[in-house]
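In our numbering, the protein residues as written are -10 to 340.
Scroll down for the structure; my scribbles are underneath it.
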Amino acid sequence: MSTTPARAYGTNAPANPLAPMAIVRREPGPKDIELEILYCGVCHSDLHQARNEWRNTMYPCVPGHEIVGRVTRVGAEVTKLRPGAIGAVGCMVDSCRTCDCCKSGLEQYCSSWATFTYNSADKHLGGPTLGGYSSHIVVDEAFVLRVPEGMDLAATAPLLCAGITTYSPLRHWKAGPGKKVGIVGLGGLGHMGVKIARAMGAHVVLLTSSPSKVADGLRLGAHEVVVSTDKAAMARHANSLDFVLDCVSAQHDINAYIGLVRLDGTLCLVGVPEHPLSVAAFSVIIPRRNFAGSGIGGIAETQEMLEFCAKHGIVSDIELIPVQKINEAYERMLRQDVRYRFVIDMKSLGA
Ligand code: NAP
Ligand code: ZN
Ligand code: ZN
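Given below as structure tokens:
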């Protein structure tokens, strides 16, 4: 298969920092769109996988699945976007398209596993798929999103993962007027969860482990902010929330948050800490509660989320960085020193 060279930042081993890397992309096929990547958000999943914290990383690893770019070339059969248009790519670049999940727009749960944007088997070139910390990418048009007119492109990039990962469960569990929704962890996902749940009309309670984020939580749209180390404040919210979205990236006491859920309410995990969490049986038994999980969102729902965010004036709060600062950004993300998403300005890769 013919290829074109591309520039990237990636790593060959869990303990190595990310460094410049030469990669190749396939020549666009009839249904493919080639994007020059303008911006790529930095998700905590990038760090987990670059460092093999989920024990499934294939190397070389080029992370990045919050991609906004400009269309440079399209295949002959492409109808979605023309050269010069803005397109976006999230966490998936393909799936089987024939199983029940794929047919109902839940490609992320494809029974043969979706092809994720990085760290999946590349059906075209062999080896692992390589993500958005790169100069360009070639993706089947079915997995490319349209960016609504007028959106700030850098601040839109994080919607492609952090936005959809919070939008999808909030929709599924019907966040809206009359519902009390808790968001745990004010990071990349959590701050999108706060904004989106608020825009859906829910009463939003942010649970943060960082007292320094209380004012931001309120500014971003939470009606109430609870510092999770404040036992009295946590106790005041016991059994009161219809739905809790846990966006925490590290080990934590999940039972403290399940205890906030009311009878027949749900705590949904989207955070993926390195090690298993332990759920005490009585946390879910009394009163009867649901403990659930959710993965990103399907392609149609991702497009719907982008339209919803455009309509409500929602983008991510970002700090734009050159790609050369990516290793420092990872360390700062681990220290919770990001307000609230790093986005790489891909121009910094240079020619
Ligand atoms: P992030 O920006 O680093 O945010 C994580 C937040 O978790 C922090 O800001 C912090 O919020 C909280 N936190 C961290 N350590 C904590 C601790 N020890 N105890 C309590 N709270 C703690 O990460 P992210 O990019 O939002 O990603 C969050 C998680 O979701 C990651 O594990 C990521 O892999 C996962 N993820 C899952 C999906 C999915 O499809 N399910 C998609 C994308 C990402 P406070 O300071 O407010 O406490
Ligand atoms: Zn992500
Ligand atoms: Zn499928």
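Cβ atoms here follow ideal geometry from the backbone N, Cα and C, with glycine treated the same way.
task: Using 6 angstroms as the cut-off, classify the Cβ of G121 as near or not near the heavy atoms of ligand 1, replying yes or no.
output: For G121, the distance from the CB to the nearest heavy atom of ligand 1 is not below 6 angstroms.
query: Would you call the segment 256 to 268 and the segment 205 to 220 touching, i.e. three or more CB-CB distances under 8 angstroms?
result: Verdict: no, contact absent.
message: According to DSSP, is M140 part of a helix, a strand, or is it coil?
response: It is coil, neither helix nor strand.
message: Could you check if C50 belongs to the surroundings of ligand 2, using beta carbon to heavy atom distance under 6 angstroms?
response: Outside the cutoff, so no.
task: Would you check if the distance between the CB atom of S238 and the CB atom of G260 is smaller than 7 angstroms?
output: Going by C-beta atoms, S238 is nearer than 7 angstroms to G260.
- prompt: Does the distance from the CB of I255 to the CB of F271 come in under 7 angstroms?
  reply: The identity of residue 255 in the sequence shown is Thr, whereas the question assumes Ile. Taking 7 angstroms as the Cβ cut-off, T255 and F271 do not qualify as a contacting pair.
- prompt: Heavy atom of ligand 1 less than 6 angstroms from the Cβ of V259, yes or no?
  reply: Yes, ligand 1 has a heavy atom inside 6 angstroms of this Cβ.
message: Bridge partners for F297 per DSSP, in chain order?
response: Looking at the DSSP assignment, F297 forms no beta bridge with any residue, so it has no partner.
query: What's the C-alpha gap between A358 and L230?
result: Nothing can be reported for residue 358: it is not among the residues displayed for the chain, which extend from -10 to 340.
- request: Keeping to the same chain, check which residues put their C-beta closer than 7 angstroms to that of K314; ignore five residues upstream and five downstream.
  value: Excluding positions up to five away in sequence, the list is empty.
query: Taking the alpha-carbon positions, what's the E138 to R324 distance?
result: Rounded to the nearest angstrom, the two C-alpha atoms are 35 angstroms apart.
- request: List the residues that DSSP assigns as beta-bridge partners of H125.
  value: Paired residues: E25.
- prompt: Would you say C29 touches ligand 2, meaning its beta carbon is less than 6 angstroms from a heavy atom?
  reply: Every heavy atom of ligand 2 is 6 angstroms or more from the Cβ of C29, so no.
- prompt: Tell me which same chain residues have a C-beta within less than 8 angstroms of the C-beta of L70, skipping the five on either side of it?
  reply: The beta carbon of L70 lies closer than 8 angstroms to those of I22, V60, V63, G76, E130, V133, R135 in the same chain, with the five residues before and after it left out.
query: With a cut-off of 8 angstroms, do at least 3 Cβ pairs link the segment 157 to 171 to the segment 100 to 119?
result: Judged by Cβ distances under 8 angstroms, the segment 157 to 171 makes no contact with the segment 100 to 119, as fewer than three pairs qualify.
Short Cβ contact (7 angstroms threshold) for C88 with E55: Their beta carbons are not under 7 angstroms apart, which means C88 does not touch E55 by this criterion.
field: Beta-carbon separation (whole angstroms), P49 vs Y122, contact threshold 8 angstroms
entry: Incorrect: roughly 11 angstroms between the Cβ atoms, too far for contact.
query: Among F280, A146, N1, T145, which has the Cα closest to the Cα of M10?
result: Considering only alpha carbons, the answer is N1.
task: Can you tell me which of the three DSSP states Y329 falls into?
output: Y329 falls in the coil class under three-state DSSP.
- prompt: Cβ of G177 within 6 angstroms of any heavy atom in ligand 1?
  reply: Within the cutoff, so yes.
query: Do you know offhand how far R328's Cα is from S93's?
result: Distance between the alpha carbons of R328 and S93: 36 angstroms.
- prompt: So, using beta-carbon positions, are V127 and R14 closer together than 7 angstroms?
  reply: Contact: yes.
- prompt: Do you know offhand how far P(-6)'s Cα is from V332's?
  reply: The alpha-carbon atoms of P(-6) and V332 are separated by roughly 23 angstroms.
- prompt: CB of S124 to nearest heavy atom of ligand 3: below 6 angstroms?
  reply: Outside the cutoff, so no.
Rounded C-alpha distance that separates E290 from I153: Cα-Cα distance, rounded: 8 angstroms.
query: Given T104, which residues of its chain have a CB within under 8 angstroms of its CB, disregarding the five upstream and five downstream residues?
result: Taken in chain order, the residues that qualify are M81, V82, D83, S84, A110, D111, K112, T118.
message: Taking 7 angstroms as the limit between beta carbons, can you name the residues of its chain near A74, skipping five residues before and five after?
response: By the criterion of a C-beta distance shorter than 7 angstroms, A74 is surrounded in its chain by V60, once the five residues flanking it on both sides are discounted.
message: By the three-class DSSP mapping on this structure, what secondary structure does Y48 have?
response: Of the three classes helix, strand and coil, the one that applies to Y48 here is coil, per DSSP.
query: If we call anything under 7 angstroms between Cβ atoms a contact, is C257 one with A281?
result: Yes, the Cβ-Cβ distance between C257 and A281 is below 7 angstroms.
field: R251 in three-state terms, based on DSSP
entry: The answer is strand: DSSP assigns R251 an E or B state.
message: Nearer than 6 angstroms: is that true of the beta carbon of T154 relative to any heavy atom of ligand 1?
response: The beta carbon of T154 sits closer than 6 angstroms to at least one heavy atom of ligand 1.
- prompt: Hey, would you say G287 sits closer than 7 angstroms to L95, going by beta carbons?
  reply: In this structure, L95 lies closer than 7 angstroms to G287 by Cβ.
message: Just to confirm the assignment, what range does the beta strand (DSSP E) spanning N279 have?
response: In the DSSP assignment, N279 falls within the unbroken beta strand (DSSP E) covering 279 to 282.
message: Tell me which residue opens and which closes the alpha helix (DSSP H) that K220 is part of.
response: Residues 220 to 225.
message: By the three-class DSSP mapping on this structure, what secondary structure does P19 have?
response: In the three-state DSSP reduction, P19 falls in the coil class, being neither helix nor strand.
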